[in-house]
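Residue numbers (the working numbering): 164 to 332.
In structure tokens, the structure reads:
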């Protein structure tokens with residue numbers, strides 16, 4: 164019985180350490196804190212500023228935080244898991260409301276294929292469903308990306324997210 168308890172404790176410590184090490188691979192948010200964190204240089208300064216202004220205005224009037232983040236690598240993790248770890252590490256959204264949305268973009272590069280994912284807090288799942296997220300990505304974001312129009316794809320995608328989520332909070 165004692166061996167079983169020790170094994171259980173070691174297993175918890177091991178699994179907890181794995182989760183912690185995964186979270187350590189997530190970059191820290193940019194300083195000063197912003198809603199658009201482009202770690203890849205995908206957007207020029209004017210595009211970042213335009214998106215930041217739009218997302219901050221939406222946050223200021225609704226309390227819903229929409230983050231746009233680009234990263235060069237997912238460190239071998241599934242993009243949905245990486246998004247969840249990032250949202251948790253960065254404390255995205257308001258406590259008790261879970262009204263956060265994270266648009267995570269990993270462009271195609273030497274690390275592999277490009278990926279896009281929209282992660283929502285529990286408070287947003289009713290209007291930004293997994294099916295709706297997939298539709299926004301496939302019908303608005305990716306077609307623009309394929310033409311090299313990254314800003315346009317992100318702008319269109321965030322416009323749709325804002326339209327769907329408006330009035331919820």
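Each residue gets a CB set at the ideal place from its N, CA and C atoms; glycine is no exception.
When you compare only the Cα positions, how much space is there between residue i and residue j?
i	j	result
residue 219	residue 265	14 Å
residue 250	residue 232	11 Å
residue 263	residue 269	19 Å
residue 212	residue 194	15 Å
residue 192	residue 267	13 Å
residue 208	residue 253	22 Å
residue 308	residue 259	35 Å
residue 248	residue 310	30 Å
Determine whether the beta carbon atoms of residue i and residue j lie at a separation below 8 Å.
i	j	result
residue 229	residue 321	yes
residue 313	residue 206	yes
residue 227	residue 328	yes
residue 299	residue 324	yes
If distances are taken between C-alpha atoms only, which option among the options comes closest to residue i?
i	options	result
residue 273	262, 238, 225 and 198	238
residue 244	283, 217 and 216	283
residue 285	257, 242 and 298	257
residue 203	277, 221, 248 and 323	277
residue 304	209, 290 and 319	319
Buried or exposed: which applies to residue i, given that a residue is buried once 16 or more other Cβ atoms fall within 10 Å of its Cβ?
i	result
residue 200	buried
residue 184	At residue 184 the pLDDT is 47, less than 50, meaning the model places this residue with poor confidence and gives no usable figure here.
residue 246	buried
residue 279	buried
residue 296	buried
residue 316	buried
residue 287	buried
residue 302	exposed
residue 186	Residue placement at residue 186 cannot be trusted, given a pLDDT of 49 that sits under 50; what the coordinates show is reported in the next sentence. Residue 186 comes out exposed.
Unbroken stretches of the alpha helix (DSSP H), 4 residues or longer, contained in the region 207-247: You should have 208-225.
Scan the region 240-295 and note each continuous alpha helix (DSSP H) run of 4 residues or more that stays entirely inside, going in chain order. For the region 240-295, whole alpha helix (DSSP H) runs of length 4 or above, ordered along the chain, are 242-253.
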